[in-house]
Amino acid sequence: DTEVTQTPKHLVMGMTNKKSLKCEQHMGHRAMYWYKQKAKKPPELMFVYSYEKLSINESVPSRFSPECPNSSLLNLHLHALQPEDSALYLCASSQRPGQGVAGQWNEQFFGPGTRLTVL
Amino acid sequence: SQKIEQNSEALNIQEGKTATLTCNYTNYSPAYLQWYRQDPGRGPVFLLLIRENEKEKRKERLKVTFDTTLKQSLFHITASQPADSATYLCALANNAGKSTFGDGTTLTVKP
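Chains as they are written, first to last, in my numbering: chain A, 1014 to 1132; chain B, 58 to 168.
Listed below in structure tokens is the structure:
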């Protein structure tokens, strides 16, 4: 199984709602990532989990809360979002985090994304 | 601040020709550089990775070069096909696993 799955595919939420995005991979990867992508823009890194521990937080507002319950799952909890948070949220995984070793371990597999609309 | 520039927003070429995409960067010393393909509404798909101490990598019709002195990577698609039409993203990464993407170049291959 070389796939990263994300649910839901689409999500519409109000500014007072609480929702969660889910990501799953069964490739044995130990690094998982959340990216945000606005239309016609490149993906922007939000969080990196390395061996189930948060290793990078790119100064993301606290209304986004990541969670890595185990090595296969990654969640992004959303609360009190703003309309400007509407975007495509992408999850990715790689065999290992950077750790000074480049090569196949750093190839990132992306999921199809969750299209989020905040009203 | 770090800056990654891809040569143009859009590149149109005729089928069968070689497409060459450019990725330039400043204020960055990447451990490695990756190229991805992204189709509309879908997540990026990994194509090639090249390390800072490598000059060239090939995979089937794809070739990537990396010049850390010029701070530039070139991505070539030979014998291009309409199915190669997509947005191509370069991404620079450090040893901590942090990747920064360029804005992308949208390639259109006309039959």
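Note that the Cβ used here is the ideal one computed from N, Cα and C, for glycine as well. Keep in mind the model is a prediction, meaning the values are calculated, not measured.
Taking C-alpha positions only, L146 of chain B is separated from M1028 of chain A by approximately 32 Å. In this structure, the CA atom of N1088 of chain A is about 10 Å from the CA atom of Y1046 of chain A. DSSP, read as helix, strand or coil, puts N152 of chain B in coil. Beta-bridge pairing by DSSP links M1026 of chain A to A:V1131.
Within chain B, no residue has its CB atom less than 8 Å from the CB of Q1038 of chain A, the nearest being about 12 Å off.
The C-beta distance from P1055 of chain A to F158 of chain B rounds to 4 Å, short enough to fall under 8 Å.
Using a Cβ-Cβ cut-off of 8 Å, A1100 of chain A does not count as an interface residue toward chain B, since no Cβ of chain B sits closer than that to its own. Residue-level contact by beta carbon holds for F103 of chain B and chain A, with a gap shorter than 8 Å. Taking C-beta separations shorter than 6 Å and ignoring five residues to either side along the sequence, the partners of Q71 of chain B in its chain run K167, following chain order. With fewer than 16 neighbouring CB atoms inside 10 Å of its own CB, K112 of chain B falls in the exposed class. Annotated three-state conformation of P139 of chain B is helix, per DSSP. Within the stretch 69-89 of chain B, contact with chain A at the beta-carbon level (separation under 7 Å) is assigned to A88, Y89. Contact between the stretch 115-130 of chain B and the stretch 1017-1028 of chain A is not established, with fewer than three Cβ pairs separated by less than 8 Å. For L106 of chain B, a Cβ of chain A is located within less than 8 Å of the residue's own Cβ. Judged by DSSP in its simplified three-state form, E1016 of chain A adopts coil rather than helix or strand. At a cut-off of 8 Å between C-beta atoms, S156 of chain B counts as an interface residue with respect to chain A.
Chain B places a beta carbon closer than 8 Å to that of L1103 of chain A, counting this residue as a contact.
In its own chain, leaving out the 5 sequence neighbours on each side, no residue places its CB closer than 7 Å to the CB of D124 of chain B. Close partners of N1119 of chain A in chain B (Cβ separation under 8 Å): Y89, Q91, L106, A150, G154. L1067 of chain A is classed as exposed because its beta carbon has fewer than 16 other beta carbons within 10 Å across all chains shown.
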